[in-house]
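First residue of the sequence shown? That's 10 in this note's numbering, and the numbers climb one at a time after it.
Here the structure is laid out as structure tokens; the discussion comes afterwards.
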Amino acid sequence: MRRTLPVLLLACLLRADEPPDRLRAEMEKSLGGETAIRRAGHFLLGSRKVEESDLDGLEETVTKAQKALQAQYFRKEPEQPVAVYLLANADDYIAFCRDFTGQAPASRFGFYLRDRKAMVMNIGTGPGTLVHEMTHALMDPDFPGCPSWFSEGLASLYEQYSFDADGRILGHENWRLPLLQRALGDRSAPSWKSLSSFTGAEFYGEGSGLRYAVARYLCLWLQEQGLLEDFYRAFRDSRANDRTGYETLCSVVGRPMDEVEKEWAAWARDLKWD
């Protein structure tokens, strides 16, 4: 038994690095026609009508983003590969969604199906949503049950991103900023405490765009303060005692929240996005 254990471990490692044949076959069947399938860490990328050079870039993005997100946040990794369906344009994306899910997509960019461990992307809109949905897929095993406000806040932070010299991923201002700034101007933006209290249904309900914006720019502010990774780990590890994350947020920030939220609002009003 002792002699065979290293052999078994080696075999498992080799299999883990190979694209799973059954998932590959399922993806090829779902995509139809000529498809390209590539393995990028925990993700199996399947594309149709995507240029080879574009696919090279997407594979590099997935590889770099996965490495950065795992290093910065997640200690547990997915137990099975995540299928990523990459569609070249809006028409192909909508048609694929109707076949794959039985309905038109709610988002024109893409989405993650938690129960099917699959991402469907209109890659014609750019790679930002790809990294957004990757964040959900990687967070799932590490922080199961993460409240929607923080799950979406962190994921949407990386809709606009860069990598620093050390390979760390950083979020930047994006198209959600004008909505937040208008809401700060007319005082319709929810407070952080209110934001954290929303159930999933409430967060995703009517007016969700503003809730996304507040959550995203709260995460961007935490990043700029050097507190985002600390907050993620503290909230993940204390979720049993803090269901919403607000108490943990207060603890990590370490200052009176009324004062901090005013500071955040002034900071957000001064941000620029072209």
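Every residue gets a Cβ at the ideal spot worked out from N, C-alpha and C, and that includes glycine.
For clarity, every value in this text was computed on a predicted model and none was experimentally measured.
Hey, residue i and residue j: beta-carbon distance below 9 Å or not?
{"i": "residue 132", "j": "residue 166", "result": "no"}
{"i": "residue 168", "j": "residue 220", "result": "no"}
{"i": "residue 55", "j": "residue 158", "result": "no"}
{"i": "residue 67", "j": "residue 122", "result": "no"}
{"i": "residue 134", "j": "residue 163", "result": "no"}
{"i": "residue 176", "j": "residue 275", "result": "no"}
{"i": "residue 137", "j": "residue 170", "result": "yes"}
{"i": "residue 179", "j": "residue 204", "result": "no"}
{"i": "residue 104", "j": "residue 117", "result": "no"}
{"i": "residue 196", "j": "residue 225", "result": "no"}
{"i": "residue 183", "j": "residue 273", "result": "no"}
{"i": "residue 207", "j": "residue 150", "result": "no"}
{"i": "residue 200", "j": "residue 270", "result": "yes"}
{"i": "residue 258", "j": "residue 181", "result": "no"}
From the DSSP output, in three-state form, read off residue i for me.
{"i": "residue 301", "result": "Given a span of 10 to 283 for the chain in the structure shown, any question on residue 301 remains unanswerable."}
{"i": "residue 171", "result": "strand"}
{"i": "residue 163", "result": "helix"}
{"i": "residue 237", "result": "helix"}
{"i": "residue 191", "result": "helix"}
{"i": "residue 186", "result": "helix"}
{"i": "residue 280", "result": "coil"}
{"i": "residue 24", "result": "Bear in mind that the predicted position of residue 24 carries a pLDDT of just 42, short of 50, making it unreliable; the figure below should be weighed with that in mind. DSSP places residue 24 in helix when its eight states are reduced to three."}
For the alpha helix (DSSP H) containing residue i, name the first residue and the last one.
{"i": "residue 209", "result": "209-213"}
{"i": "residue 217", "result": "217-233"}
For residue i, which residues in the same chain have their Cβ closer than 7 Å to its Cβ, ignoring the five residues on either side in sequence?
{"i": "residue 90", "result": "29, 32, 51, 52, 53"}
{"i": "residue 126", "result": "89, 91, 92"}
{"i": "residue 146", "result": "87, 91, 121, 128"}
{"i": "residue 42", "result": "57"}
{"i": "residue 280", "result": "182, 186"}
Since residue i is in the beta strand (DSSP E), which residue starts that stretch and which ends it?
{"i": "residue 176", "result": "Residue 176 -> no beta strand (DSSP E), and no H or E assigned at all."}
{"i": "residue 206", "result": "Looking at the DSSP string, residue 206 is not in any beta strand (DSSP E); the run it does join, the alpha helix (DSSP H), is 201-206."}
{"i": "residue 197", "result": "Element bounds for residue 197: n/a, residue is neither H nor E."}
{"i": "residue 48", "result": "45-49"}
{"i": "residue 32", "result": "Not the beta strand (DSSP E): residue 32 falls in the alpha helix (DSSP H), residues 30-40."}
{"i": "residue 84", "result": "Premise fails: residue 84 is in no beta strand (DSSP E) and is neither H nor E."}
{"i": "residue 57", "result": "52-57"}
Ignore the nearest five residues each way along the sequence and tell me which others in residue i's own chain have a CB closer than 6 Å to its CB.
{"i": "residue 102", "result": "96, 131"}
{"i": "residue 231", "result": "237, 240"}
{"i": "residue 249", "result": "none"}
{"i": "residue 49", "result": "68, 71, 72"}
{"i": "residue 114", "result": "106"}
{"i": "residue 59", "result": "95, 97"}
{"i": "residue 75", "result": "50"}
Once you ignore the five residues that flank residue i on each side, which residues in its own chain have a CB closer than 8 Å to its CB?
{"i": "residue 278", "result": "190, 193, 194"}
{"i": "residue 36", "result": "44, 46, 53, 55, 92, 94"}
{"i": "residue 64", "result": "45, 47, 54, 56, 95"}
{"i": "residue 209", "result": "156, 157"}
{"i": "residue 213", "result": "157"}
*Along the chain, which unbroken stretches of the alpha helix (DSSP H) at least 4 residues long are found entirely within the region 241-278?*
255-262
*Report the residue ranges of all alpha helix (DSSP H) runs contained in full by the region 87-159; include only those spanning at least 4 residues, in chain order.*
99-110, 137-151
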